[in-house]
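Participant: Take 19 as the starting number for the sequence shown in our numbering and just add one per residue.
A virtual CB, placed ideally from N, CA and C, is assigned to each residue, including glycine.
Since this is a predicted model, take the numbers as computed values, not measurements.
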Amino acid sequence: MTSKQDPSQQPSQPASQSSSQALSQSQSDVPQRNFGFNTLAIHSGQEADPTTGALITPIYQTSTFVLDELGKNKGYQYARTHNPTRTALEVCLASLEGAKYGIACASGLAAVSIVLDILSAGDHVIVGEDVYGGVYRLFEKVKRKFNIEFSYVNAAKPEEIEAAIKPNTKLVWLETPTNPLLKLADLAAVGEITKKHKLLFAVDNTFATPYFQKPLQFGADIIVHSTTKYLCGHSDVIGGAIITDNDELYDQLKFYQNAGGAVPGPFDSFLILRGLKTLALRLKEHERNAFAVARYLSEHELVESVYYPGLPSHPQFDLAKTQMTGFGGIVGFVVKGGLEAAKSVVNSTELFQLGESLGGVKSLICHPATMTHAPIPKEVREPLGIVDGLIRLSVGIEDAPDLLQDLEIALQVAQHAALSSKVPAVASVASAASACSVSTKGAKHE
Numbered sequence: 019m020t021s022k023q024d025p026s027q028q029p030s031q032p033a034s035q036s037s038s039q040a041l042s043q044s045q046s047d048v049p050q051r052n053f054g055f056n057t058l059a060i061h062s063g064q065e066a067d068p069t070t071g072a073l074i075t076p077i078y079q080t081s082t083f084v085l086d087e088l089g090k091n092k093g094y095q096y097a098r099t100h101n102p103t104r105t106a107l108e109v110c111l112a113s114l115e116g117a118k119y120g121i122a123c124a125s126g127l128a129a130v131s132i133v134l135d136i137l138s139a140g141d142h143v144i145v146g147e148d149v150y151g152g153v154y155r156l157f158e159k160v161k162r163k164f165n166i167e168f169s170y171v172n173a174a175k176p177e178e179i180e181a182a183i184k185p186n187t188k189l190v191w192l193e194t195p196t197n198p199l200l201k202l203a204d205l206a207a208v209g210e211i212t213k214k215h216k217l218l219f220a221v222d223n224t225f226a227t228p229y230f231q232k233p234l235q236f237g238a239d240i241i242v243h244s245t246t247k248y249l250c251g252h253s254d255v256i257g258g259a260i261i262t263d264n265d266e267l268y269d270q271l272k273f274y275q276n277a278g279g280a281v282p283g284p285f286d287s288f289l290i291l292r293g294l295k296t297l298a299l300r301l302k303e304h305e306r307n308a309f310a311v312a313r314y315l316s317e318h319e320l321v322e323s324v325y326y327p328g329l330p331s332h333p334q335f336d337l338a339k340t341q342m343t344g345f346g347g348i349v350g351f352v353v354k355g356g357l358e359a360a361k362s363v364v365n366s367t368e369l370f371q372l373g374e375s376l377g378g379v380k381s382l383i384c385h386p387a388t389m390t391h392a393p394i395p396k397e398v399r400e401p402l403g404i405v406d407g408l409i410r411l412s413v414g415i416e417d418a419p420d421l422l423q424d425l426e427i428a429l430q431v432a433q434h435a436a437l438s439s440k441v442p443a444v445a446s447v448a449s450a451a452s453a454c455s456v457s458t459k460g461a462k463h464e
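1) Roughly how many whole angstroms lie between the Cα atoms of P386 and L85?
2) Measure the alpha-carbon distance for Q341 versus L205 and round it to whole angstroms.
3) Is the beta carbon of V379 sitting closer than 8 Å to the one on G279?
4) Can you look up K188 in the DSSP assignment and give me helix, strand or coil?
5) Take V398 and list the residues in its own chain whose beta-carbon comes closer than 7 Å to its own, dropping the five residues that flank it on each side.
6) Would the region 136–144 count as touching the region 246–261 if we require 3 or more Cβ pairs under 8 Å?
7) V467 by DSSP, collapsed to three states: which one?
8) Throw me the rounded Cβ distance for the P228 and R104 pair, which I believe falls under 8 Å.
9) Closest to T82 by CA distance: which of T99, D420 and G71 is it?
10) To the nearest angstrom, how far is it from the Cα of N471 to the Cα of I74?
11) What is the rounded straight-line gap between the Cα of N56 and the Cα of L267?
12) With a threshold of 8 Å between beta carbons, is Q430 in contact with chain C?
13) Rounded to a whole number of angstroms, what is the C-alpha to C-alpha distance between K118 and N264?
14) How would you label L315, buried or exposed, when you count the other beta carbons within 10 angstroms and need 16 or more for buried?
15) Considering only residues of the same chain and omitting the five flanking positions on each side of A359, which have a CB-CB separation below 7 Å?
16) If you count every other CB in all the chains shown that lies within 10 Å of the CB of V190, and 16 or more means buried, which is it?
17) From Q95 to E87, what does the alpha carbon distance come to, in whole angstroms?
18) Does DSSP classify F288 as helix, strand or coil?
19) With which residues is V379 paired in a DSSP beta bridge?
20) Does the structure place the region 149–159 close enough to the region 122–132 that three or more beta carbon pairs sit under 8 Å?
21) Would you give the residue range spanned by the alpha helix (DSSP H) that S362 belongs to?
22) Ignoring anything shorter than 3 residues, give me the beta strand (DSSP E) runs that lie fully in the region 72–137, in order along the chain.
23) Express the C-alpha separation of N52 and G479 in angstroms, rounding to a whole number.
24) May I have the straight-line CA-CA distance separating A174 from A66, to the nearest angstrom?
25) Assuming A308 contacts G346 (C-beta within less than 8 Å), just tell me the rounded distance between them.
26) Here's the rule: buried if 16 or more other CB atoms are within 10 angstroms of the residue's CB, otherwise exposed. What is P284?
27) When you compare only the Cα positions, how much space is there between L199 and T69?
28) Please name the residue, chosen from V221, E416, K161 and K214, that lies closest to G146 on a Cα-to-Cα basis.
29) So, using beta-carbon positions, are L291 and A106 closer together than 8 Å?
30) Please report the distance separating the alpha-carbon of K272 from that of N101.
31) Roughly how many angstroms separate the alpha carbons of T245 and D286, rounded to a whole number?
32) Tell me which residue opens and which closes the alpha helix (DSSP H) that L58 is part of.
33) Can you tell me which of the three DSSP states L274 falls into?
34) Alpha carbon to alpha carbon, how far is I179 from E193?
35) For V405, name the three-state secondary structure that DSSP assigns.
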């Protein structure tokens, strides 16, 4: 990576370049190579170790680095500021988003907090109204204490975003798709609004990942990820990341990352870097299974509504096809019978294990109202659609028929538990299993 900072504190090449690309710039007779997503995920920032020739980036498990002499180092001084394993991760993350700079953080919320650190007391932020509960808590319980003002709007309506702009507005913060209702923000429209009003535009791209969506192409200034989720993909690490193409923003964000110390260790960085190598392969299976689950649920008599942007019934299906190349692995649905029915379902699955988080190879089931979005008051979350009957599925990469059978059994248990209910009989396991053959035709990958 390059930046305006001291070279001794910034050792690596620009994140959008591989070593061969950097070489081609110094040799004008050598044509540049343009690499695809999988190639970048496997190679970007991950050249063989120059000392040993190790093919895979080593885990540099050290807190400090020995100086050659006073004022002279080999590019690293202290591991809070830089670590070679973390640098490789940052370069790779940025390359996948088509950006110059990546900043790895200790968690997704640490990344969010660092972005907010660039603001000043009295600044105003416009936020998508059904934001993740942890972000809502951070904004309302922590950042408000520093006199940062927040307004929550329906991000699916760009006109509401523009109407919320004040003289002190500095940042628009959006998730798309949102958690857990899978609503979409029109990135191009919001990008035009923020450019027109000279506002910063930050997008949480955790659900879509750079494989399915690249917000910088639509005018975003900052991308945030919880690398805990799909980017790592194995539910074995906590991490976050910030991506930007802007030199000045990078310098500010890097300063606050270092000053606050919210950095991942080298082993965590290694695990995330390893996960990136199979990101595209995993996402294809996540999406294939999510389609099967969403189709099955949409035809189930015990299900009131289904949220998945890949379904034609999704109100923003056309927008999803425009700004995304795939629809992801998260499915939301509301069961008839409210809280008791939802409890029965989430307590009765076997393969869909009850737990927070998402994006791992193992399927998870979650009750947002009492878990991920518990920090949001009921009177706030219910009008948004985060009702007691809402269930969120992180669809893993198990065999689709097994996942469908697991849901079928859980829904049968919920029906039998509601003896006084007049809910019609549920669909058979056989008809449910047939949904696994659903096609993802029309979803493009790059």
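Facilitator: For this structure:
1) 50 Å
2) Inter-residue distance for Q341 and L205 is about 8 Å (C-alpha atoms, whole angstroms).
3) No.
4) strand
5) None.
6) no
7) Residue numbering for the chain in the displayed model covers 19 to 464; residue 467 lies beyond these limits and cannot be assessed.
8) Their Cβ separation, rounded to whole angstroms, is 19 Å, which puts P228 and R104 out of contact at 8 Å.
9) The shortest Cα separation from T82 among T99, D420 and G71 belongs to T99.
10) Lying before the first or after the last residue shown, residue 471 is absent from the chain, which here runs from 19 to 464.
11) 28 Å
12) Here there is only one protein chain, and chain C is not present.
13) 8 Å
14) buried
15) V353, G407, A432 and A436
16) buried
17) 12 Å
18) helix
19) Bridge partners of V379: none, in fact.
20) Yes, the region 122–132 touches the region 149–159.
21) Going by DSSP, S362 is part of the alpha helix (DSSP H) stretching over G356 to V364.
22) 119–123
23) Only positions 19 to 464 of the chain appear in the structure, and residue 479 is not among them; the question remains open.
24) 45 Å
25) 7 Å
26) buried
27) Cα-Cα distance, rounded: 49 Å.
28) Of V221, E416, K161 and K214, the residue nearest in Cα terms is V221.
29) yes
30) 14 Å
31) Between T245 and D286, the C-alpha separation is close to 10 Å.
32) Per DSSP, the continuous alpha helix (DSSP H) segment holding L58 begins and ends at F55 to H61.
33) The sequence shown places Tyr at residue 274, rather than the Leu named in the question. Residue state for Y274 is assigned as helix, using DSSP reduced to three classes.
34) 13 Å
35) coil
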